[in-house]
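Notes to accompany the following structure.
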Amino acid sequence: MASHTGRLYALAFALVAFFLAWAVVAAHPWATAAGDPRLRTLAAREVQLRREAKLVNEVVAQRWALYRTELRARRSQIAAVTSAPVSSASVRVVNLPPLTVTRTS
Amino acid sequence: MIERRTFRAMGTEIELLVEAEGAAGALAAAEGEFHRLEALLSRFREDSELSRLNRDGSLTAGPDLCRVVELALAARERTGGRFDPAIHDALVAAGYDRSFEQIDPRCQAPCLAPGAAGGAASVEGTRIELDDGVRLDLGGIGKGYAAERAAEILAMAGPCLVNAGGDIAVRGGSWPIGVETAREPLTLELSHGGLATSGRDRRRWQRDGRELHHLIDPRTGEPAETDLLRVTAIAPDAIEAEVAAKSLFLAGSARAAHEADAAGVAAVLVTEDGRTIFAGGLA
Numbered sequence: 076m077a078s079h080t081g082r083l084y085a086l087a088f089a090l091v092a093f094f095l096a097w098a099v100v101a102a103h104p105w106a107t108a109a110g111d112p113r114l115r116t117l118a119a120r121e122v123q124l125r126r127e128a129k130l131v132n133e134v135v136a137q138r139w140a141l142y143r144t145e146l147r148a149r150r151s152q153i154a155a156v157t158s159a160p161v162s163s164a165s166v167r168v169v170n171l172p173p174l175t176v177t178r179t180s
Numbered sequence: 088m089i090e091r092r093t094f095r096a097m098g099t100e101i102e103l104l105v106e107a108e109g110a111a112g113a114l115a116a117a118e119g120e121f122h123r124l125e126a127l128l129s130r131f132r133e134d135s136e137l138s139r140l141n142r143d144g145s146l147t148a149g150p151d152l153c154r155v156v157e158l159a160l161a162a163r164e165r166t167g168g169r170f171d172p173a174i175h176d177a178l179v180a181a182g183y184d185r186s187f188e189q190i191d192p193r194c195q196a197p198c199l200a201p202g203a204a205g206g207a208a209s210v211e212g213t214r215i216e217l218d219d220g221v222r223l224d225l226g227g228i229g230k231g232y233a234a235e236r237a238a239e240i241l242a243m244a245g246p247c248l249v250n251a252g253g254d255i256a257v258r259g260g261s262w263p264i265g266v267e268t269a270r271e272p273l274t275l276e277l278s279h280g281g282l283a284t285s286g287r288d289r290r291r292w293q294r295d296g297r298e299l300h301h302l303i304d305p306r307t308g309e310p311a312e313t314d315l316l317r318v319t320a321i322a323p324d325a326i327e328a329e330v331a332a333k334s335l336f337l338a339g340s341a342r343a344a345h346e347a348d349a350a351g352v353a354a355v356l357v358t359e360d361g362r363t364i365f366a367g368g369l370a
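Chains A and B, in that order, are what the protein sequence lines are.
Taking the numbering used here, the leading residue of the first sequence gets 76, the next gets one more, and so forth.
Taking the numbering used here, the leading residue of the second sequence gets 88, the next gets one more, and so forth.
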């Protein structure tokens, strides 16, 4: 009786050990990422994209800085024009035949 | 190449000039803007927004009437009441109770008592409220406003000039503009901004033998008595030019020249005794 039970335990243990070993072998723990050429390509592509993104960000930042400088200059030009009283600066007496005439409206 | 269009609106001759080719669409749109604004701002049209406001004393109005009333009230504040839109009844009392072409220049009817001028008016959002008995006339400032709006439209086609019976708006380019002085005409070249002329040499009539004109002095409610015959003013836009011309005209020659110099508003003042005074840096 005891011998029969012992054999059953031994069989169950052997089955568990067998499937465990199968799972370990199926997982290929000895195969590294470096070994897969597709992963190597993806990794290289990622590095390249990161480098390009950094370059693009640098170009965008330079252009924004240039734009902000030009915008400041343009705004100060506009402010100078609009704050100046419109007098002799925008109107002058000329010796030309008029294109139109102003009269009492 | 300059394209030109003339037509009548707002009781005066309108002239549109644009330095562009194929600007027929822009010219038509600018003309349409004048007719649209006339339908809103004329006091001679029963169905205009302005007539409804004057009739009812309050109105929920469109953006154009609200804006013009706001501009007129701001101008009244700025000029210390010399420019005042609340002169409707004074104009009517003086005989300017219909479109100018329909006024009998030698009417023998007795003069009416001076009409009321001034009174409170306010704009809150789209709501315009007038005090009892207050009625507005937006004739002059309305033309300046229309000239500016039309110039905005035309400017999309190219540098342009809009002349609304003497109220001129310019956007870009260089435009030689004739100005009447006491002697030979003068030409001013304007590249941006506005120019307007106010005076009593036109739009005048007689009533019961008395010479009257359309420039009401809000302080008296009667046609202004001043030693000036005509004032031409240059300002950042046609609306301000219109206000400045009228205000300087009412000030009289000595004060007007001083005020124009102080404010840096270029102006040509023509006096009734035949003098021409340049002010505000104009020489």
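Glycine included, every Cβ here is placed at the ideal spot set by N, Cα and C.
Helix, strand or coil at residue i according to DSSP, with G and I counted as helix
{"i": "B:Leu316", "result": "strand"}
{"i": "B:Phe170", "result": "coil"}
{"i": "A:Trp105", "result": "coil"}
{"i": "A:Ser180", "result": "coil"}
{"i": "A:Arg82", "result": "helix"}
{"i": "A:Asn170", "result": "coil"}
{"i": "B:Gly265", "result": "strand"}
{"i": "B:Val221", "result": "coil"}
{"i": "B:Ala110", "result": "coil"}
{"i": "B:Arg91", "result": "strand"}
{"i": "B:Leu152", "result": "helix"}
{"i": "B:Gly351", "result": "coil"}
{"i": "B:Asp254", "result": "strand"}
{"i": "A:Thr144", "result": "helix"}
{"i": "A:Leu114", "result": "helix"}
{"i": "A:Arg149", "result": "helix"}
{"i": "B:Leu146", "result": "strand"}
{"i": "B:Gly119", "result": "helix"}
Interface residues of chain B facing residue i [CB-CB closer than 7 Å]
{"i": "A:Glu178", "result": "According to the sequence displayed, residue 178 of chain A carries Arg and not Glu. Chain B residues near A:Arg178: Gly253, Glu267, Thr284, Arg289."}
Segment limits, beta strand (DSSP E) that includes residue i
{"i": "B:Asn250", "result": "247 to 251"}
{"i": "B:His279", "result": "273 to 286"}
{"i": "B:Thr209", "result": "In the sequence under discussion, the amino acid at residue 209 of chain B is Ser, which differs from the Thr named in the question. Taken as a continuous stretch (DSSP letters only), the beta strand (DSSP E) holding B:Ser209 covers 208 to 211."}
Beta-carbon proximity check, residue i vs residue j, cutoff 8 Å
{"i": "B:Arg163", "j": "B:Asp151", "result": "no"}
{"i": "B:Ala328", "j": "B:Gly252", "result": "no"}
{"i": "B:Val357", "j": "B:Ala320", "result": "no"}
{"i": "A:Arg178", "j": "B:Glu271", "result": "no"}
{"i": "B:Ile215", "j": "B:Cys153", "result": "yes"}
{"i": "B:Asp314", "j": "B:Glu359", "result": "yes"}
{"i": "B:Thr274", "j": "B:Arg317", "result": "no"}
{"i": "B:Ala244", "j": "B:Ala113", "result": "yes"}
{"i": "B:Leu104", "j": "A:Thr175", "result": "yes"}
{"i": "B:Gly361", "j": "B:Ala347", "result": "no"}
{"i": "B:Ala159", "j": "B:Ile228", "result": "yes"}
Any chain D beta carbon closer than 8 Å to residue i
{"i": "A:Ser165", "result": "No chain D is part of this structure, whose protein chains are labelled A and B."}
Residues that residue i contacts on chain A, provided the C-beta gap is smaller than 7 Å
{"i": "B:Ser340", "result": "What B:Ser340 touches in chain A: nothing, since even the nearest Cβ is about 16 Å away."}
{"i": "B:Arg317", "result": "Thr179"}
{"i": "B:His279", "result": "Ser165"}
{"i": "B:Asn141", "result": "Neighbours of B:Asn141 on chain A: none; closest Cβ ~21 Å, over 7 Å."}
{"i": "B:Thr99", "result": "Ser180"}
{"i": "B:Ala181", "result": "Result: empty, since nearest Cβ-Cβ is about 16 Å, beyond 7 Å."}
{"i": "B:Ala331", "result": "Going along chain A, no residue has its Cβ under 7 Å from B:Ala331, so there is no contact; the nearest lies around 10 Å."}
6 Å Cβ shell around residue i - same chain, five flanking residues per side excluded
{"i": "B:Arg169", "result": "Ser334, Leu337"}
{"i": "B:Asp218", "result": "Gly206, Ala207"}
{"i": "B:Ala234", "result": "Val249, Ala251, Asp254, Ala256, Ala325"}
{"i": "B:Lys230", "result": "Met97, Ala251, Asp254"}
{"i": "B:Val156", "result": "Val210, Ile215"}
{"i": "B:Ala331", "result": "Ala320, Ala322, Val352"}
Closer than 8 Å at the beta carbon, the chain A residues around residue i
{"i": "B:Thr274", "result": "Val168, Val169, Asn170, Leu171, Pro172, Pro173"}
{"i": "B:Glu102", "result": "Thr175"}
{"i": "B:Gly227", "result": "Ser180"}
{"i": "B:Ile264", "result": "Pro173, Leu174, Thr175, Val176, Thr177"}
{"i": "B:Leu248", "result": "Leu174, Thr175"}
Spatial neighbours of residue i in its chain, beta-carbon cut-off 7 Å, leaving aside the 5 residues before and after
{"i": "B:Ser261", "result": "Glu276, Ser278"}
{"i": "B:Ile174", "result": "Ala204, Asp224, Ile303, Pro305"}
{"i": "B:Gly265", "result": "Pro272, Thr274"}
{"i": "A:Val161", "result": "Interpretation of A:Val161 is limited by its pLDDT of 46, a score under 50 that renders its predicted location unreliable; no figure is taken from the coordinates."}
First through last residue of the alpha helix (DSSP H) which encompasses residue i
{"i": "B:Asp129", "result": "The sequence as given places Ser at residue 129 of chain B; Asp does not occur at that position. First-last for B:Ser129: undefined, no H or E at that position."}
{"i": "B:Ala354", "result": "First-last for B:Ala354: 354 to 358, but that is the beta strand (DSSP E), not the alpha helix (DSSP H)."}
{"i": "B:Ala366", "result": "Note, B:Ala366: premise wrong, no alpha helix (DSSP H); beta strand (DSSP E) at 363 to 366."}
{"i": "B:Leu140", "result": "136 to 143"}
{"i": "B:His175", "result": "175 to 180"}
{"i": "B:Ala238", "result": "226 to 241"}
{"i": "B:Ser39", "result": "As displayed, chain B neither begins before 88 nor continues past 370, which places residue 39 of chain B out of reach and without an answer."}
Within chain A, the residues that residue i reaches when beta carbons sit closer than 9 Å
{"i": "B:Thr313", "result": "Under the 9 Å cutoff, chain A gives no residues; its nearest Cβ is about 14 Å from B:Thr313."}
Cβ neighbours of residue i in the same chain (closer than 8 Å, five flanking residues each side left out)
{"i": "B:Phe121", "result": "Phe94, Ala96, Met97, Ile101, Ala233, Ala237, Ala251"}
{"i": "B:Leu127", "result": "Ser135, Glu136, Leu137, Gly149, Asp151, Leu152"}
{"i": "A:Thr144", "result": "none"}
{"i": "B:Ala161", "result": "none"}
{"i": "B:Ala242", "result": "Arg258, Gly259"}
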